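To start, the structure under review is shown below, and the notes come after it.
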Amino acid sequence: MYVAVKGGESAIRNSQQLLAEERRGDRNVEELTLDQIQNQMSLAVDRVMAEGSLYDKELAALAIKQSRGDLVEAIFLLRAYRTTLPRFGTTIPIETANMSIRRRISATFKDLPGGQVLGPSFDYTHRLLDFSLAANGDVPDAVEAEDAVDQNMPRVTDLLNNEGLIEEETTEDDSEPFDITRQSPKFPAERTARLQNLARGDEGFLLALAYSTQRGWGRNHPFAGEIRMGELSIEFIPDELGFPIEIGEITITECQMINQFKGSSEIPAQFTRGYGLSFGHNERKTMAMGIIDRALRARELDEQVQAPAQDEEFVLSHSCNVEASGFVQHLKLPHYVDFQSELVTVRALREAVNNDKPNEAEPIPGIVAAE
Amino acid sequence: MKQAEEPGRIKREISRKSWLSILAKSPFSEIQTLWEKLELNLEWELIRKPEIGMVMVQGRTGGNGQAFNLGEMTVTRAAVRLKNGYAGLGYVQGRSKKQAELCAVIDATLQTPANHSKVVNNLITPLKDNLDSLKKHRSKKAANTKVDFFTLVRGH
């Protein structure tokens, strides 16, 4: 428990002024613009939008600037802002098969319709520092192929599905999905609630959990069936019109994890699925999400829940870095009264021991006995 | 302010759905420049003041399963009525109130038979060409990174 304290107004004001000065840094260095952040720190912007749960590149760039590059703080700023806006409604669910592909790879099929498109990827870089960027960042334009990428880019899981080799996803349940921003969490959670939670969950947390399943804490044998990244138009039906219109275009990353089998006397063995989806270009996050989505389906697939990554209450309750950061950091707030009572208790305990057994009380090394 | 998709009696060169989409996806500066060149000098009133809000973007489990909430995106909307009585609607991604209002004005203008073709030819078509070209260049750059992996056969 912490209690309110009064005073310190001028110290706080001065602290904020100092913070602003530190954020600005050396005034002889040119100030960072939002355009620069949006264009040259685009993956930071994408992470802030995904975990901030609000697609707006300009706002994400502003949040990054304001937070001095502290992305968890930037995510907090974006989450706080989104609570001030009204929601006009819900879009028509995106159809990722229609994505304007900029990257599409599969680790399960070498040859597939549409082919493998590497796109902009760190994967094949040598991870050696490029000192030419320290001097000047000029790069030649990327070369264009004669033709655009194939329009026909079926999802790898759809190809497997055609053969009945992977469990089918159905749209049978067309009820309103759970909305964790409007409904209190409940356990066991529906898959729709879990996916929404993971989509805005902390990348570091999800990555570590996904890694833990690979190291044996809840193995689920994943293959990266497909990762695709590109642009999708967003369709929405305004009340005034009654028919869908496109209201914009967003970048999306999708990962289909294909996992080991499930079968029964009625249904022959099939691969199982784990799904990752994220705003922006967030490949690592989306892969981790796909692995954890699958791990969290343990109960539904009659697997023993033994590892943290399979425990939905554990995963879903600790994935939000805004909540986690708030609760850990609240320890900085004044706990003076709380601590005073603890002091009284510990002194009383020690005194009781001293009074009861005056001759046997051993001094604890390194700690001076309280008076 | 209910409106049918195709309310006018004139022959449309492009559907309202298409032009609203093009307006929503084009950069504001481009729309504004092309609009000013048209010099239509119209007057209008706001039926709905430009308003910033969000829409919840939904995905589907596995890409084609049950819908789930992915996250929100910012959207700005506005509605106007031209002096000639035609009403227009603007729904645009982001937080530009000016863009939402201008798009609503253009939407109403496109429904006005006298100005329809002029606005299609000098504003919507060039905007669409720019969007198509951007998309094509983006796709060709991606296509240039298409790779043919081959597996090595051992023991030969």
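Protein chains in written order, with numbering that gives the first Met the number 0: chain A, 0 to 370; chain B, 0 to 155. Built from N, CA and C at the ideal position, the CB exists for glycine as well. If you're wondering where the values come from, they're calculated on a predicted model, not measured in any experiment.
### Query
If you measure from the beta carbon of A198 of chain A to each beta carbon in chain B, is any gap under 8 Å?
Interface with chain B (8 Å Cβ-Cβ cutoff): A198 of chain A is included.
### Task
Using 10 angstroms around the beta-carbon of L330 of chain A, count the other beta-carbons present and answer buried if the total reaches 16, otherwise exposed.
exposed
### Query
According to the neighbour-count rule (16 or more other Cβ atoms, all chains shown, within 10 Å of its Cβ), is S14 of chain A buried or exposed?
exposed
### Message
Let me confirm a value: G289 of chain A is counted as buried when at least 16 other C-beta atoms fall within 10 Å, else exposed. Which label applies?
### Response
Answer is buried; the Cβ neighbour count reaches 16.
### Task
Note down, one range per segment and in chain order, each alpha helix (DSSP H) of at least 4 residues found wholly within the region 155 to 211 of chain A.
155 to 161, 190 to 198
#### Entry: For N68 of chain B: DSSP bridge partner residues
B:Q57
### Query
When the cut-off is 8 Å and only beta carbons count, does K48 of chain B lie next to chain A?
no
### Query
Is Q115 of chain A closer than 8 Å to G371 of chain A when the C-beta atoms are compared?
This structure gives no information on residue 371 of chain A, because the portion of chain A shown stretches from 0 to 370.
### Task
May I have the straight-line CA-CA distance separating P139 of chain A from H317 of chain A, to the nearest angstrom?
The straight-line gap from Cα to Cα measures roughly 44 Å.
### Query
Beta-carbon separation of E50 of chain A and R193 of chain A under 8 Å?
No, these two residues do not count as a Cβ contact at 8 Å.
### Task
Would you mind giving the Cβ-Cβ distance between F278 of chain A and Y54 of chain A, rounded to the nearest angstrom? I have them listed as a contact below 8 Å.
5 Å
### Query
Can the beta-carbon of L380 of chain A be found closer than 8 Å to that of T285 of chain A?
No answer is possible for residue 380 of chain A: it lies beyond the span of chain A, which begins at 0 and ends at 370.
### Query
Within the 8 Å Cβ cut-off, does E71 of chain B reach chain A?
yes
#### Entry: Neighbouring residues, chain B, relative to G203 of chain A (Cβ below 7 Å)
Ordered by position in chain B, no residue passes the 7 Å Cβ test against G203 of chain A, which lies about 18 Å from the chain.
### Message
For S211 of chain A and G88 of chain A, I'd like the C-alpha separation in whole angstroms.
### Response
38 Å
### Query
Nearest to K109 of chain A by CA position, among B:V146, B:E100, B:N121, B:I13, is which residue?
B:V146
### Query
Nearest chain B C-beta to F87 of chain A closer than 8 Å, yes or no?
It does: the Cβ of F87 of chain A has a partner Cβ on chain B nearer than 8 Å.
#### Entry: DSSP-derived helix/strand/coil call for C102 of chain B
helix
#### Entry: Any C-beta of chain B under 8 Å from that of Y210 of chain A
Answer no: the Cβ-Cβ gap between Y210 of chain A and chain B never drops below 8 Å.
### Task
Please say whether F235 of chain A and I36 of chain A have beta carbons closer to each other than 8 Å?
no
### Task
Identify which residue in A:R214, A:V155, A:D173 has its Cα closest to the Cα of E166 of chain A.
Looking at A:R214, A:V155, A:D173, the one whose alpha-carbon comes closest to that of E166 of chain A is A:V155.
#### Entry: Stretch pair the region 119 to 134 of chain B + the region 56 to 64 of chain B: three plus CB contacts closer than 8 Å
Counting Cβ pairs under 8 Å, fewer than three are found: no touch.
### Query
For M288 of chain A, does the three-state DSSP call read helix, strand or coil?
It is helical.
### Query
Can you name the residues of chain A whose CB is closer than 7 Å to the CB of G58 of chain B?
P92, I93, L276
### Query
For Y335 of chain A, which of helix, strand or coil comes out of DSSP?
It is helical.
#### Entry: Selected residue, minimal CA-CA separation from E202 of chain A, among A:V314, A:L348, A:P184, A:S174
A:V314
### Query
Does P237 of chain A get closer than 8 Å to chain B when you measure Cβ to Cβ?
yes
### Query
Using the beta-carbon of each residue, which ones in chain A are nearer than 9 Å to F27 of chain B?
The contacting residues do not exist; F27 of chain B stays about 12 Å from chain A at best.
### Task
Find the residues of chain A that neighbour R137 of chain B, judging by a C-beta separation of less than 9 Å, and give them in chain order.
In chain order: S99, R101, A147, G229, E230.
### the region 30 to 47 of chain B in contact with the region 97 to 113 of chain B per 3-pair CB rule at 8 Å
yes
### Query
For L19 of chain B, which beta-bridge partners are listed by DSSP?
In the DSSP output, where bridge partners are listed per residue, L19 of chain B has none listed.
### Task
Verify whether the separation of the beta carbon atoms of R94 of chain B and S99 of chain A is less than 8 Å.
The Cβ atoms of R94 of chain B and S99 of chain A lie no closer than 8 Å to each other.
### Query
Does the count of Cβ pairs from the region 248 to 255 of chain A and the region 177 to 188 of chain A closer than 8 Å reach three?
Using a C-beta cut-off of 8 Å, the region 248 to 255 of chain A makes no contact with the region 177 to 188 of chain A, since fewer than three inter-stretch Cβ pairs fall below that distance.
### Task
Using three-state DSSP, classify A77 of chain B as helix, strand or coil.
strand
### Task
Report whether the distance from the Cβ of R67 of chain A to the nearest heavy atom of the ligand COA is below 7 Å.
Ligands are entirely absent from the displayed structure, and the ligand COA is therefore not among its contents.
### Message
Taking only three categories from DSSP, how would you classify S316 of chain A?
### Response
helix
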